[in-house]
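Q: Provided herewith is a single structure, encoded as structure tokens, for subsequent inquiry.
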Amino acid sequence: VGRATSAPSKEQPHPVGLPAAASVAGAVTGTVWPSAASPAAADSASVLQRHVAFFDRQASGVLWPWTTAAALRDAGFNPFLAVAMALVIHAGLSWWSLDSFIPHPGLPIYVKNIHRCKHGSDSGTYDTEGRFVPQHFEDVFARHARSSPLYLTGADLARMAAHSRCVADPFGWAAHVLEWGSLYLLAARNGRLHKEDDGTLFYHLANERRARTAKRN
Numbered sequence: 054v055g056r057a058t059s060a061p062s063k064e065q066p067h068p069v070g071l072p073a074a075a076s077v078a079g080a081v082t083g084t085v086w087p088s089a090a091s092p093a094a095a096d097s098a099s100v101l102q103r104h105v106a107f108f109d110r111q112a113s114g115v116l117w118p119w120t121t122a123a124a125l126r127d128a129g130f131n132p133f134l135a136v137a138m139a140l141v142i143h144a145g146l147s148w149w150s151l152d153s154f155i156p157h158p159g160l161p162i163y164v165k166n167i168h169r170c171k172h173g174s175d176s177g178t179y180d181t182e183g184r185f186v187p188q189h190f191e192d193v194f195a196r197h198a199r200s201s202p203l204y205l206t207g208a209d210l211a212r213m214a215a216h217s218r219c220v221a222d223p224f225g226w227a228a229h230v231l232e233w234g235s236l237y238l239l240a241a242r243n244g245r246l247h248k249e250d251d252g253t254l255f256y257h258l259a260n261e262r263r264a265r266t267a268k269r270n
């Protein structure tokens, strides 16, 4: 459960420029990812399922530690970090996505149940059903991006992590820092993590890595 949205103020401005698909700022969307920069990116899967689809290389609906590690490697993480992150992710989230209360030794994550893996102390961009909340996504930049509304710096991410903390939630605190910190290390350009609105960031990173590899060869 995320922290309640603060009242608008000079320090906590609300975003502007949302498209018609997000005309009710707090409304959630099941399959559409509307924002100021990407008004209508749609798919039959939930937005959170689309978010993790990059890691489901065979479109089997099940993520395994080795497939997640391969996807992280493809996105640009070094092999050791990719394996370590995959193990941490699956150890922390696998059980919550299962259809059984009995843990699976292979630590699979079932994409259909990925909404169960939502943790506390996050940005609130996804709700507990895997739906997208446009206002919360825009709030990340409206509230925490001090230099420009189009990107976040390392200092911005640190402020966001402190602002998003929920009481007695060390797992959520750690997960938030791991997710945003690793994304910053991987995707930031000149210390800036630029705004991505349609859920394709990992695909862009993978394509860039393949292009660099092909150029070297």
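FYI, in our numbering the residues of the sequence shown are 54 to 270. No residue lacks a Cβ here, since even glycine has one placed at the ideal position from N, Cα and C.
Can you find the residues in the same chain that come closer than 6 Å, C-beta to C-beta, to Phe-108, ignoring five residues on each side of it along the sequence?
A: Taken in chain order, the residues that qualify are Leu-116, Thr-121 and Ala-124.
Q: Which whole-angstrom value is the C-beta distance of His-189 and Gly-173, which I expect to be below 8 Å?
A: With a Cβ gap of about 14 Å, His-189 and Gly-173 do not count as contacting.
Q: For a quick check, are the C-beta atoms of Leu-17 and Gly-114 less than 8 Å apart?
A: Residue coverage of the chain in this structure runs from 54 to 270, which leaves residue 17 outside it and unanswerable.
Q: How many Å lie between Ala-214 and Asp-180 at the Cα?
A: C-alpha separation (whole angstroms): 18 Å.
Q: Once DSSP output is grouped into helix, strand and coil, what is the label at Phe-255?
A: Correct three-state label for Phe-255: helix.
Q: Three or more C-beta pairs closer than 8 Å, one from the region 199–208 and one from the region 147–157: is that the case here?
A: Not touching, per the Cβ criterion.
Q: What residues are listed by DSSP as bridge partners for Arg-103?
A: Bridge partners of Arg-103: none, in fact.
Q: To which residues does DSSP link Ile-162 through a beta bridge?
A: According to DSSP, Ile-162 bridges with Leu-116.
Q: So what's Arg-199 in DSSP terms, helix, strand or just coil?
A: Note: Arg-199 maps to coil in three-state DSSP.
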